[in-house]
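Engineer: Handing you a structure now.
Listed below in structure tokens is the structure:
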């Protein structure tokens, strides 16, 4: 198929676009469900004040921010190839630090809860 600008697109391009948009919507729905469940954990932890309630609150908030960062940056880097050309390499290194810290938070919380 050819549009009014003379750009040729075939059916595989259209299928790839539909697939990417569908997967993006699905991931966003999962993220919204996760934020909802983590907000319920925060409310229940503050109300009950059990032994690990502070750890649970920090973990829930941290996981929500971590995955928001991952989703936003994944979307940006999918749309803008070679992002470092526009923002500089400092932005990529800062993002990597945030991502690694978020993964350490997730695994660290699991380890602490398992030890308790």
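Residue numbers (this note's numbering): 2 to 117.
By construction, the Cβ of each residue, glycine as well, lies at the ideal position given by its N, Cα and C atoms.
Among the residues of its own chain, which have a CB less than 6 Å from the CB of residue 58, if the five just before and after it don't count?
Structural biologist: Here the question's residue 58 lines up with position 57 in the chain shown. So the qualifying residues of the chain are 43, 46.
Engineer: Is residue 20 helix, strand or coil when you go by DSSP?
Structural biologist: Translated into the one-based positions of the chain shown, residue 20 becomes position 19. If DSSP states are grouped into helix, strand and coil, residue 20 belongs with the helices.
Engineer: Helix, strand or coil for residue 83 per DSSP?
Structural biologist: Numbered from 1 along the chain shown, position 82 holds the residue referred to as residue 83. Correct three-state label for residue 83: coil.
Engineer: If the criterion is Cβ atoms closer than 8 Å, does the pair residue 65 and residue 39 meet it?
Structural biologist: Against the chain shown, residue 65 aligns to sequence position 64. Against the chain shown, residue 39 aligns to sequence position 38. Yes. Within cutoff.
Engineer: Do residue 67 and residue 103 have their beta-carbon atoms positioned less than 8 Å apart in this structure?
Structural biologist: As a first step, residue 103 is located in the chain shown; it is residue number 102 there, counting from the start. As a first step, residue 67 is located in the chain shown; it is residue number 66 there, counting from the start. Cβ distance < 8 Å, so residue 103 and residue 67 count as in contact.
Engineer: Let me confirm a value: residue 60 is counted as buried when at least 16 other C-beta atoms fall within 10 Å, else exposed. Which label applies?
Structural biologist: Locating residue 60 in the chain shown gives position 59, counting from the first residue. Buried is the call here.
Engineer: By how many angstroms is the C-alpha of residue 50 removed from the C-alpha of residue 21?
Structural biologist: Your numbering for residue 21 matches position 20 in the chain shown. Your numbering for residue 50 matches position 49 in the chain shown. Taking the straight line joining both Cα atoms gives about 42 Å.
Engineer: Compare the beta carbon distance of residue 77 and residue 84 with 8 Å and say whether it is the shorter of the two.
Structural biologist: Taking the chain shown and counting its residues from 1, the one referred to as residue 77 is at position 76. Taking the chain shown and counting its residues from 1, the one referred to as residue 84 is at position 83. Against a cut-off of 8 Å, the Cβ pair of residue 84 and residue 77 comes out as a contact.
Engineer: Tell me, to the nearest whole angstrom, how far the beta carbon of residue 100 is from that of residue 71; I am working on the premise that it is less than 8 Å.
Structural biologist: Along the chain shown, read from residue 1 onward, the residue named residue 100 stands at position 99. Along the chain shown, read from residue 1 onward, the residue named residue 71 stands at position 70. Contact flag correct, Cβ pair sits at about 6 Å.
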